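Residue numbers (this note's numbering), protein chains in the order written: chain Z, 5 to 132; chain Y, 5 to 132.
Each residue gets a CB set at the ideal place from its N, CA and C atoms; glycine is no exception.
No experiment lies behind these values; they were computed from the predicted model shown.
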DNA sequence: CTAGGACCTGACGTTGACGTCAGGGTCAAG
DNA sequence: CTTGACCCTGACGTCAACGTCAGGTCCTAG
């Protein structure tokens with residue numbers, strides 16, 4: 005596949021794919037004329053990269069994790085890294101959940117207020 | 005309170021507080037000599053700002069949400085914004101959860117492999 | 001009165017994940 | 001053979017949330 009096709013199927017920009025290559029995340033064969041040629045699995049790989057990026061991992065972290073996908077075998081070090089990254093993701097999840105709950109509090113308070121300005125709970129951090 | 009005290013109690017840098025003021029997120033009185041004076045509630049406000057930032061909201065989004073905390077009253081527009089931001093946070097949560105689960109898959113596959121290289125499941129996106 | 005912390009205002013530096021523009025090959029179709 | 005879509009390599013631009021440095025002020029303790 006050529007770069008435009010991969011980009012389209014993976015839902016990213018062509019620039020992003022070249023950037024991934026630059027970062028060592030995505031290798032590509034070259035046609036005699038110098039154009040990149042990707043195997044079909046590249047699409048899945050790109051999607052996975054996107055998932056990791058979406059999880060807040062930097063390209064170095066992704067770079068450290070990707071080799072784990074290549075084959076089934078994990079070194080001790082890889083295993084540790086995976087666990088560490090998982091912990092990071094989980095921590096982010098916790099923070100996000102807390103934020104969502106806080107937003108819910110604000111929303112509920114607002115709705116209660118509109119419904120008849122009756123409830124005056126303590127969910128809102130510090131009322132004057 | 006002076007800026008250093010607020011920063012210490014809220015666990016952020018002095019620079020961050022000045023930045024928040026610059027962005028209109030955190031107002032401050034001024035002493036005659038020009039030094040910022042904060043009311044005690046500022047600490048909570050800063051913590052809330054941090055929570056929203058941690059939730060991946062940009063400063064403009066935070067700026068749109070903060071007025072909702074001031075009083076109990078929400079305009080229709082504020083309510084809509086809150087719901088929209090909540091949706092965004094929830095979407096991020098879903099992505100993060102997916103990422104974590106994928107990491108778990110990789111970890112589990114690796115552990116199984118090490119335990120006796122028996123299982124060869126399909127969780128690993130495209131094995132060569 | 002003097003030392004040294006804490007504070008002030010600019011203003012430039014940083015990092016990540018690309019966007020975008022310039023200038024120029026490549027390739028299948030008509 | 002030429003057009004137009006696609007590709008290439010630099011290389012600079014961007015945006016957010018601050019970090020950091022420079023040069024100067026304030027203020028409290030000894």
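What's the call for residue i, buried or exposed, on a 16-neighbour Cβ count within 10 Å?
{"i": "residue 8 of chain Z", "result": "exposed"}
{"i": "residue 89 of chain Z", "result": "buried"}
{"i": "residue 14 of chain Z", "result": "buried"}
{"i": "residue 87 of chain Z", "result": "exposed"}
{"i": "residue 19 of chain Z", "result": "exposed"}
{"i": "residue 64 of chain Z", "result": "exposed"}
{"i": "residue 119 of chain Y", "result": "exposed"}
{"i": "residue 112 of chain Y", "result": "exposed"}
{"i": "residue 59 of chain Z", "result": "buried"}
{"i": "residue 28 of chain Y", "result": "exposed"}
{"i": "residue 114 of chain Z", "result": "buried"}
I'd like to confirm the pairing. Which residues does DSSP put opposite residue i in its beta bridges?
{"i": "residue 34 of chain Y", "result": "Y:40"}
Near residue i, what residues of its chain come up, given a Cβ to Cβ distance below 7 Å and the 5 sequence neighbours on each side ignored?
{"i": "residue 44 of chain Z", "result": "5"}
{"i": "residue 23 of chain Z", "result": "none"}
{"i": "residue 70 of chain Z", "result": "29"}
In chain Z, which residues lie less than 7 Å from residue i when you measure between Cβ atoms?
{"i": "residue 93 of chain Y", "result": "100, 103, 104 and 107"}
{"i": "residue 56 of chain Y", "result": "103"}
What does a CB cutoff of less than 6 Å around residue i pick up in its chain, not counting 5 residues either side in sequence?
{"i": "residue 46 of chain Z", "result": "10"}
{"i": "residue 80 of chain Y", "result": "none"}
{"i": "residue 42 of chain Y", "result": "5, 10 and 32"}
{"i": "residue 51 of chain Y", "result": "14"}
{"i": "residue 123 of chain Y", "result": "Any reading at residue 123 of chain Y is ruled out, since the residue's pLDDT is 47, under 50, leaving its predicted position unreliable."}
Taking Cβ-Cβ distances shorter than 8 Å, what residues in chain Y pair up with residue i?
{"i": "residue 53 of chain Z", "result": "Residues of chain Y passing the Cβ test: none, with the nearest at roughly 11 Å."}
Run through chain Z and tell me which residues come within less than 8 Å of residue i, C-beta to C-beta.
{"i": "residue 97 of chain Y", "result": "97, 100, 101 and 104"}
{"i": "residue 163 of chain Y", "result": "Here chain Y has residues from 5 to 132 only, and residue 163 of chain Y is not among them."}
Please list the partners that residue i has in chain Y, where partner means a Cβ-to-Cβ separation under 9 Å.
{"i": "residue 25 of chain Z", "result": "What residue 25 of chain Z touches in chain Y: nothing, since even the nearest Cβ is about 18 Å away."}
{"i": "residue 59 of chain Z", "result": "99, 100, 102, 103, 104, 106 and 107"}
Taking residue i as the query, report the chain Z residues whose CB atoms sit under 9 Å from its CB, ordered along the chain.
{"i": "residue 7 of chain Y", "result": "Under the 9 Å cutoff, chain Z gives no residues; its nearest Cβ is about 19 Å from residue 7 of chain Y."}
Mind listing the chain Y neighbours of residue i? Cutoff is C-beta to C-beta under 7 Å, in chain order.
{"i": "residue 118 of chain Z", "result": "78"}
By Cβ distance below 8 Å, which residues in the same chain neighbour residue i in space, the five residues on each side in sequence not counted?
{"i": "residue 25 of chain Y", "result": "31, 32 and 40"}
Open item on the list: Using 8 Å as the cut-off, can you tell me whether the stretch 87 to 106 of chain Y makes contact with the stretch 90 to 101 of chain Z, which would need three or more C-beta pairs spanning the two stretches below that distance?
Closed with: yes
Task: the stretch 70 to 85 of chain Y in contact with the stretch 28 to 43 of chain Z per 3-pair CB rule at 8 Å - done: no
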